[in-house]
Amino acid sequence: MQSKLNINEFREKLKSSIKIGHPQLKINTPFNLFFFDSSKSFYGRYDDKTFYLTLNYRITHSPYLIKGNYKFVNKKLQIQYEIFPKFKYQKYFLLLWIACGIGMITYINFKFGNKNDLMIPNLFLLSMLLYGSFQYKLSKKIIEKKFRKTFEIYS
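Start counting the sequence shown at 346; every next residue gets the next number (my numbering).
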């Protein structure tokens, strides 16, 4: 990928939009609402050739990290990056979460006989499962879009 910025502008953007810290150690608590600076878009670290960052939110967290490097080749800034889950087990946890939710709905239906009374709680549980999986998938697109917009990256 290439950026419209030159290498000095890119480094200035890194400096101005990244709060320094280790992205995997970023812990979000309700106290961050009062004691945490979210004026910068990203949280992570960088040096002269590489970067390692995640989104900088006050309370919620981004389940994805961006790791990459940059160099100046043929008068253009070349950026190579990849987006991957913050923890290795996240992909499997989502499948486990969906399986447990479906199992819970099935158990409730077999345990209690009147299916009409359980329609609303089952639909609520199912919608929570679908929303969680949709939000997880959508957060990858959000972090990539914000990263590309901030650093003016095009294909």
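C-beta atoms are modelled at their ideal positions from N, C-alpha and C, and glycine is treated no differently.
As the structure is a computational prediction, the values presented were derived from the model and not from experiment.
What distance in whole Å lies between the Cβ atoms of residue j and residue i, which are believed to be in contact at a cut-off of 8 angstroms?
i           : j           : result
residue 415 : residue 355 : 6 angstroms
residue 409 : residue 429 : 7 angstroms
residue 449 : residue 468 : The pair is not a contact, with the Cβ atoms about 13 angstroms apart (cut-off 8 angstroms).
residue 400 : residue 363 : Not a contact, Cβ separation roughly 11 angstroms.
residue 424 : residue 488 : In fact, because the Cβ distance is near 15 angstroms, the residues do not count as touching under 8 angstroms.
I need the straight-line Cα distance from residue i to residue j, nearest angstrom please.
i           : j           : result
residue 395 : residue 413 : 6 angstroms
residue 441 : residue 478 : 11 angstroms
residue 474 : residue 420 : 48 angstroms
residue 390 : residue 434 : 23 angstroms
residue 491 : residue 447 : 34 angstroms
residue 495 : residue 392 : 18 angstroms
residue 346 : residue 360 : 20 angstroms
residue 476 : residue 443 : 11 angstroms
residue 406 : residue 368 : 10 angstroms
residue 544 : residue 486 : It is not possible to answer for residue 544, since the shown part of the chain is limited to 346 through 500.
residue 454 : residue 445 : 14 angstroms
residue 353 : residue 411 : 21 angstroms
residue 437 : residue 431 : 13 angstroms
So is residue i buried or exposed if we call it buried at 16+ other beta carbons inside 10 Å?
i           : result
residue 451 : exposed
residue 348 : buried
residue 466 : exposed
residue 422 : buried
Excluding the 5 residues preceding and the 5 following residue i in the sequence, name in chain order all residues of the same chain whose CB lies nearer than 7 angstroms to its CB.
i           : result
residue 365 : 390
residue 481 : 408 and 439
residue 484 : 407, 408 and 409
residue 385 : 362, 363, 364 and 401
In chain order, what residues of the same chain lie with their CB nearer than 8 angstroms to the CB of residue i, ignoring the 5 residues before and after it?
i           : result
residue 351 : 417 and 422
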